[in-house]
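For the sequence shown, full-length UniProt numbering gives the first residue as 1, with consecutive numbering after it. Note that beta-carbon positions come from the ideal geometry of N, C-alpha and C, so glycine has one too. From a predicted model like this one, the values you see are computed outputs, not experimental measurements. What follows is one structure encoded as structure tokens, with my remarks underneath.
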Amino acid sequence: MSSSSSIEIIPRGSADRGHADHGWLKTFHTFSFASYHDSQHESFGSLRVLNEDRVAPGTGFGTHSHREFEIFSYVISGELEHQDSMGNTEVLSRGDVQMTSTGTGISHSEKAHGPQEVHFCQIWASARPGESRGKPAYFTRHFTDTDKRNKFKLIVAPSNSSDVSLAREADGPAPIRSELRAYASLVDPGISIAHAFRPSRSPDSRKAYIHVVQRSGYNPGKASGARLRVGAKSEGPIIELREEDGVYLLVDEDAELKVENAGEVEAEFLLFDVE
1 MSSSSSIEII PRGSADRGHA DHGWLKTFHT FSFASYHDSQ HESFGSLRVL NEDRVAPGTG
61 FGTHSHREFE IFSYVISGEL EHQDSMGNTE VLSRGDVQMT STGTGISHSE KAHGPQEVHF
121 CQIWASARPG ESRGKPAYFT RHFTDTDKRN KFKLIVAPSN SSDVSLAREA DGPAPIRSEL
181 RAYASLVDPG ISIAHAFRPS RSPDSRKAYI HVVQRSGYNP GKASGARLRV GAKSEGPIIE
241 LREEDGVYLL VDEDAELKVE NAGEVEAEFL LFDVE
């Protein structure tokens with residue numbers, strides 16, 4: 001663990017995360033999920049599940065049920081076919097974000113569509129108090145690589161924010177019934193980007209998590225591929241991350257985050273700003 005006056009940095013290395021290869025499914029887990037359990041990594045603020053999945057062509061997750069969670073998928077490559085009990089049928093591809101507020105309960109299936117595997121991150125978050133049993137809802141948003149290049153692009157934001165549309169399809173971030181904001185970034189080699197954190201409801205409640213997407217190909221071994229340096233924009237410790245690595249950030253009110261692509265290839269990552 002290392003710290004500065006504004007951001008405390010706690011690494012979550014690729015080798016320490018959960019991993020399973022089921023043949024049809026290759027998956028990594030940041031938090032306890034399915035047969036993977038780590039009592040030190042159950043959740044982080046409202047963030048409860050962060051899985052990076054690869055699903056083989058012609059396979060997928062058959063119809064199953066969820067309730068009381070906010071669940072969204074971020075598609076990295078391939079095509080993801082979604083069907084649910086609300087009557088939604090959709091094929092999602094790179095740049096798409098699909099959000100389901102499961103509320104009182106839904107059933108859905110998620111499968112690889114077409115001849116290629118689908119590679120995506122799936123994230124679950126706890127709903128705000130009093131909203132976990134709301135009416136189920138479904139939303140999709142699309143973000144191009146240009147939208148995300150060399151910036152923190154907001155892709156998910158609280159549904160009670162004034163600038164968030166509750167339309168099924170719209171511009172801007174997908175609505176979530178949770179105190180969570182998700183940002184997606186594509187950073188070119190040699191480029192640094194900065195992010196100023198919003199004020200939180202209490203001085204010690206601001207948290208964030210960074211996950212580096214495994215773009216260079218499936219690798220259950222030592223982390224490799226893209227290389228990021230992460231730390232406070234002001235002076236302080238810097239941590240280096242590779243693909244599938246993550247880092248917990250405990251953030252002071254005035255903190256500003258700096259992320260630099262220190263490698264030779266484009267880096268893709270997600271930032272979750274939570275309370």
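Three-way DSSP call (helix, strand, coil) for residue i in this model
{"i": "K207", "result": "strand"}
{"i": "S5", "result": "Low confidence applies to S5: its pLDDT is 48, below 50, so where it sits in the model is not reliable enough to give any reading."}
{"i": "residue 279", "result": "No answer is possible for residue 279: it lies beyond the span of the chain, which begins at 1 and ends at 275."}
{"i": "A15", "result": "helix"}
{"i": "Y248", "result": "strand"}
{"i": "V75", "result": "strand"}
{"i": "G60", "result": "strand"}
{"i": "E68", "result": "coil"}
{"i": "R133", "result": "coil"}
{"i": "R128", "result": "coil"}
{"i": "E253", "result": "coil"}
N-terminal and C-terminal residue of the alpha helix (DSSP H) that residue i is part of
{"i": "K258", "result": "Note, K258: premise wrong, no alpha helix (DSSP H); beta strand (DSSP E) at E256 to N261."}
{"i": "T146", "result": "D145 to K148"}
Beta bridge counterpart(s) of residue i as assigned by DSSP
{"i": "T27", "result": "A20 and D53"}
{"i": "L166", "result": "For L166, which the question treats as bridged, DSSP gives no partner whatsoever."}
{"i": "R215", "result": "Partner(s): none; R215 has no beta bridge."}
{"i": "A174", "result": "V156"}
{"i": "H142", "result": "D96"}
{"i": "S200", "result": "Answer is none; S200 lacks a bridge partner."}
{"i": "R227", "result": "R242"}
Whole-number beta carbon distance between residue j and residue i, since they are thought to touch under 8 angstroms
{"i": "D273", "j": "R201", "result": "Wrong, their Cβ atoms sit about 13 angstroms apart, outside the cutoff."}
{"i": "V55", "j": "F72", "result": "In fact, because the Cβ distance is near 16 angstroms, the residues do not count as touching under 8 angstroms."}
{"i": "P189", "j": "V265", "result": "7 angstroms"}
{"i": "I195", "j": "L257", "result": "The question names Ile, yet the displayed sequence has His at residue 195. 4 angstroms between Cβ atoms; contact."}
{"i": "A125", "j": "L249", "result": "Wrong, their Cβ atoms sit about 17 angstroms apart, outside the cutoff."}
{"i": "H102", "j": "R141", "result": "According to the sequence shown, residue 102 is Thr rather than His. Not a contact, Cβ separation roughly 18 angstroms."}
{"i": "I76", "j": "V187", "result": "At roughly 15 angstroms, the Cβ-Cβ gap does not stay under 8 angstroms, so I76 and V187 are not in contact."}
{"i": "S93", "j": "E79", "result": "5 angstroms"}
{"i": "E70", "j": "H113", "result": "At roughly 24 angstroms, the Cβ-Cβ gap does not stay under 8 angstroms, so E70 and H113 are not in contact."}
{"i": "F33", "j": "H19", "result": "That belief does not hold up - the Cβ atoms of F33 and H19 are roughly 11 angstroms apart, past 8 angstroms."}
{"i": "R206", "j": "A223", "result": "Wrong, their Cβ atoms sit about 27 angstroms apart, outside the cutoff."}
{"i": "K135", "j": "F143", "result": "That belief does not hold up - the Cβ atoms of K135 and F143 are roughly 26 angstroms apart, past 8 angstroms."}
{"i": "residue 340", "j": "Y36", "result": "With the chain covering 1 to 275 only, the question about residue 340 has no answer from this structure."}
Span of the beta strand (DSSP E), counted from its first residue to its last, around residue i
{"i": "A194", "result": "S192 to A196"}
{"i": "E42", "result": "E42 -> no beta strand (DSSP E), and no H or E assigned at all."}
{"i": "D273", "result": "A267 to V274"}
{"i": "E240", "result": "I238 to R242"}
{"i": "R181", "result": "L180 to V187"}
{"i": "A34", "result": "Unbroken run through A34: none, as it is neither H nor E."}
Residue i Cβ short of 7 angstroms to the ligand HEM heavy atom set
{"i": "H64", "result": "Questions concerning the ligand HEM fall outside what the structure shown contains, since it holds no ligand whatsoever."}
Taking only runs that begin and end inside the stretch 78 to 121, name each unbroken beta strand (DSSP E) of 3 or more residues, in chain order. Taking only runs of at least 3 residues, the beta strand (DSSP E) segments lying wholly in the stretch 78 to 121 are 80 to 84, 89 to 92, 96 to 101 and 106 to 112.
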